[in-house]
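Asker: Residue numbers (our numbering), protein chains in the order written: chain H, 660 to 795; chain A, 660 to 795.
Even for Gly, the Cβ is constructed at its ideal location relative to N, Cα and C.
There are 2 protein chains.
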Amino acid sequence: MAVTRATAQQSIVRDALQAHDGFRSAQDVFADLRAAGHRIGLSTVYRHLQSFAAQGIADVIHDGDGEATYRYCGESHVGEHHHHLVCRHCGRAEEVEGGPVERWAAQTARRFGYVELDHTVELFGVCGNCRSYLPS
Amino acid sequence: MAVTRATAQQSIVRDALQAHDGFRSAQDVFADLRAAGHRIGLSTVYRHLQSFAAQGIADVIHDGDGEATYRYCGESHVGEHHHHLVCRHCGRAEEVEGGPVERWAAQTARRFGYVELDHTVELFGVCGNCRSYLPS
DNA sequence: CGCTTACTGGGAATGATTCTCATGAGCGAT
DNA sequence: ATCGCTCATGAGAATCATTCCCAGTAAGCG
Ligand SMILES: [Mn+2]
Ligand SMILES: [Mn+2]
Ligand SMILES: [Zn+2]
Ligand SMILES: [Zn+2]
């Protein structure tokens with residue numbers, strides 16, 4: 660599943676991801692690359708995004724419709740376990756530590772006798788920037 | 660979006676959900692109902708499951724593939740905000756309170772200047788029952 | 001410079017969810 | 001109990017993200 664050779668396509672997919680600070684879908688990235696004049700296949704975009712995620716270089720979040728969105732992981736958090744605070748308007752995301760959550764999760768699982776624990780924790784809101792633009 | 664009239668189909672979809680203590684997909688519920696000899700359409704199953712969710716009667720979780728799964732909410736937690744500890748093997752789920760998580764989420768959002776906060780928190784593991792059946 | 005093997009990409013296939021719309025059934029009013 | 005309006009139903013088509021297939025291409029190594 661991990662695509663390892665250094666190809667031109669791998670580069671442009673990585674660059675496209677890094678160019679934004681928010682989560683973007685494979686379809687989005689594909690459309691942007693094509694619009695920018697790059698010759699690349701949709702399958703290839705999927706392959707690399709998933710490969711980045713498998714390597715921990717990128718994070719994945721499934722949006723409300725279940726569509727997978729990817730984000731290039733910030734330098735300081737590559738590989739480390741962390742979560743995100745995502746602006747549901749512009750897609751911008753902050754990487755956050757989950758200290759209290761991790762402890763609560765472990766304790767809760769123990770209480771119910773569950774093992775091999777894992778968890779998904781994502782925070783959504785409207786960022787300071789978008790707040791000014793938006794009504795209500 | 661909420662289907663309100665008391666129809667036979669609404670009943671059997673509700674019953675099918677209540678009959679299991681784990682999260683199940685619309686496709687699963689549909690297959691079961693058909694196998695049990697009920698005449699019902701797939702669209703109708705989707706309609707009712709989504710309606711239950713909109714009313715807070717059922718919970719929804721998107722599984723790893725982004726497929727939506729539904730679960731009839733336990734009596735004591737209907738309407739109240741809560742989370743789940745789900746067995747990734749048999750689908751069984753425990754309803755859990757997220758006290759520490761709620762506080763952490765609010766504090767984190769404030770720190771980054773985000774408003775209109777919301778969050779998804781789901782715990783996954785292997786339940787005590789399944790642990791005995793499973794290898795490794 | 002070859003060779004081997006992994007990568008590419010167009011198109012077809014898959015599978016969940018949504019849409020359309022003619023038919024059927026709640027239920028409030030009579 | 002009946003009528004009639006409105007909403008619910010369901011079969012099939014449509015949508016859309018993601019995966020599969022596979023012949024052609026290029027990376028990396030000697
Ligand atoms: Mn990250
Ligand atoms: Mn619940
Ligand atoms: Zn924003
Ligand atoms: Zn289990």
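Buried or exposed: A:D718, going by 16 or more other Cβ atoms within 10 Å of its Cβ?
Answerer: It counts as buried.
Asker: Could you tell me if the beta carbon of H:N788 falls within a distance shorter than 8 Å of some heavy atom in ligand 4?
Answerer: No; taking the cut-off as 8 Å, the Cβ of H:N788 has no heavy atom of ligand 4 nearer than that.
Asker: For the stretch 771-785 of chain H, which residues have a beta carbon sitting closer than 9 Å to at least one beta carbon of chain A?
Answerer: Per Cβ criterion, the list reads F771, G772, Y773, V774, E775, L776, D777, H778, T779, V780, E781, L782, F783, G784, V785.
Asker: DSSP three-state label for A:A764, please.
Answerer: In the structure shown, A:A764 sits in a helix (DSSP, three-state: H, G or I).
Asker: Roughly how far, in whole angstroms, is the beta-carbon of H:V785 from the beta-carbon of H:H748, given that I think they are within contact range, below 8 Å?
Answerer: That pair is a contact at about 5 Å.
Asker: Cutting at 6 Å between CB atoms, please list the residues of its own chain near A:R751, excluding the five before and the five after it.
Answerer: These residues qualify, in order along the chain: D680, G681, C786.
Asker: Any beta carbon from chain A within less than 9 Å of H:E753's own beta carbon?
Answerer: Answer yes: the Cβ-Cβ gap between H:E753 and chain A drops below 9 Å somewhere.
Asker: Which residue from H:G733, H:C746, H:T767, H:S791 puts its Cα closest to that of A:L782?
Answerer: For A:L782, the nearest C-alpha among the options comes from H:T767.
Asker: Applying the 10 Å Cβ sphere with the 16-neighbour rule, what's the burial state of H:V672?
Answerer: Answer is buried; the Cβ neighbour count reaches 16.
Asker: Is there a C-beta anywhere in chain A that falls below 9 Å from the one on H:V796?
Answerer: No answer is possible for residue 796 of chain H: it lies beyond the span of chain H, which begins at 660 and ends at 795.
Asker: If contact is defined by three or more beta carbon pairs under 8 Å, each pair taking one atom from either stretch, is the stretch 686-705 of chain A in contact with the stretch 682-696 of chain H?
Answerer: Segments in contact, no.
Asker: Quick one: does the C-beta of H:R751 sit closer than 8 Å to a heavy atom of ligand 3?
Answerer: Under cutoff, so the answer is yes.
Asker: I think H:V737 touches H:G757, with their Cβ atoms under 8 Å apart; what is that distance to the nearest whole Å?
Answerer: Going by Cβ atoms, the distance from H:V737 to H:G757 rounds to 16 Å, so no, they are not a contact pair.
Asker: Who are the near neighbours of A:Y705 in its chain, counting only those whose CB is closer than 7 Å to its CB and skipping five residues on each side?
Answerer: Counting only Cβ-Cβ distances below 7 Å, and skipping sequence neighbours, we find A685.
Asker: Ends of the beta strand (DSSP E) at A:F783?
Answerer: Note, A:F783: beta strand (DSSP E), 774-785.
Asker: Beta-carbon separation of A:H697 and A:V662 under 9 Å?
Answerer: In this structure, A:V662 does not lie closer than 9 Å to A:H697 by Cβ.
Asker: Going by DSSP in three states, H:V755 sits in which element: helix, strand or coil?
Answerer: DSSP places H:V755 in strand when its eight states are reduced to three.
Asker: Return the bridge partner residues of A:R730 from the DSSP annotation.
Answerer: In the DSSP output, where bridge partners are listed per residue, A:R730 has A:D718.
Asker: Please confirm whether any heavy atom of ligand 3 lies closer than 8 Å to the CB of H:V785.
Answerer: For ligand 3, at least one heavy atom lies less than 8 Å from the Cβ of H:V785.
Asker: Looking at the strands, I want to know which residues DSSP matches up with H:G681.
Answerer: H:G681 is bridged to H:R751.
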